[in-house]
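Worksheet: the structure to be examined is printed underneath.
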Amino acid sequence: MSTAPQSPQQPEPQVETTRDEVRVRRSPKYSVFIFAGIIVGVIATFIAVAVAPGDDQTPFAQAFGYFALYGIAIGALLGAIVAVIFDAVLARRTRSAEGERESLTLPETDEPVEGELE
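Okay, so the sequence shown: first residue is 2 according to the working numbering, each after it adds one.
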């Protein structure tokens, strides 16, 4: 036997279902493209600083660090541009589908719920 008090019948929640036409399309993740652009920019900067003739007074790490700032900014910008182009190309491939939306409404009760402060 249960020692819990029997609660009165609680009203059932009401579910309302509506059908809508939705558009489905793929979209690139901009952060991934920007991060990939940053990586490519750093690698390109490393190669450019390693290949370029430099003077003996400037250490390699200092020159790489300075030019890496430009490589990061340019790489991020190019990655974002590529993501925008991909988004425009993929936007043409949209298709329509029928979606179902359910909204749940709970009836108001004057009785406190178990665990609720009175």
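We put the CB at the ideal spot given by N, CA and C, even for glycine.
Residue environment for Val50: buried (at least 16 other C-beta atoms within 10 angstroms of its C-beta).
Collapsing the DSSP output to three states places Gln63 in a helix. Per the Cβ contact rule, the region 79 to 99 is not in contact with the region 45 to 64 (fewer than 3 Cβ pairs under 8 Å). Residue state for Ser28 is assigned as coil, using DSSP reduced to three classes. In the DSSP assignment, Gly100 falls within the unbroken beta strand (DSSP E) covering 96 to 106.
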